[in-house]
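Going by the numbering used here, the residue at position 20 of the sequence shown is 128; the numbering climbs one at a time, nothing skipped.
Report on the structure given below.
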Amino acid sequence: MSLRDAIDNFYERLVADAIDATREDTDSADYLTDVMCVALNRLPTRYYRHSIDMMFYLADEELKEMKQKSLAAVKDAREFVREHQRE
């Protein structure tokens, strides 16, 4: 097993959830991938090895704040990607 396969960034899950919550019928896969990249680049990283550890040690208020930050980052990233799309 590769070391890269042994860890994950918790924000990836939260950003994907925020994208799903704000998805529009006209969103293409390429557009949403760009949105995810931009949003993740604007958020801190939060690596974990086992998801059960992350959920056990994460306080409810901290999770709520991380979800809010993820949603805000996705909204900003959507606008950024729309403004900078290549024709």
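Backbone N, C-alpha and C fix where the C-beta goes; we use that ideal spot for every residue, glycine too.
Cα-Cα separation between residue i and residue j, rounded to whole angstroms
i	j	result
Gln176	Asp161	21 Å
Val143	Ala126	11 Å
Ala181	Glu120	12 Å
Glu169	Met163	12 Å
Leu171	Tyr165	10 Å
Ala137	Asp128	12 Å
CB-CB length for residue i against residue j, believed under 8 Å
i	j	result
Asp184	Arg150	7 Å
Residue i classed as buried or exposed, judged by whether at least 16 other C-beta atoms fall within 10 angstroms
i	result
Leu122	buried
Ser178	buried
Ala101	Absent from the structure is residue 101, since the part of the chain shown begins at 109 and ends at 195.
Chain-order list of residues whose beta-carbon lies under 6 Å from that of residue i (same chain, five-residue window excluded)
i	result
Ile115	Tyr155 and Arg157
Arg186	Val143
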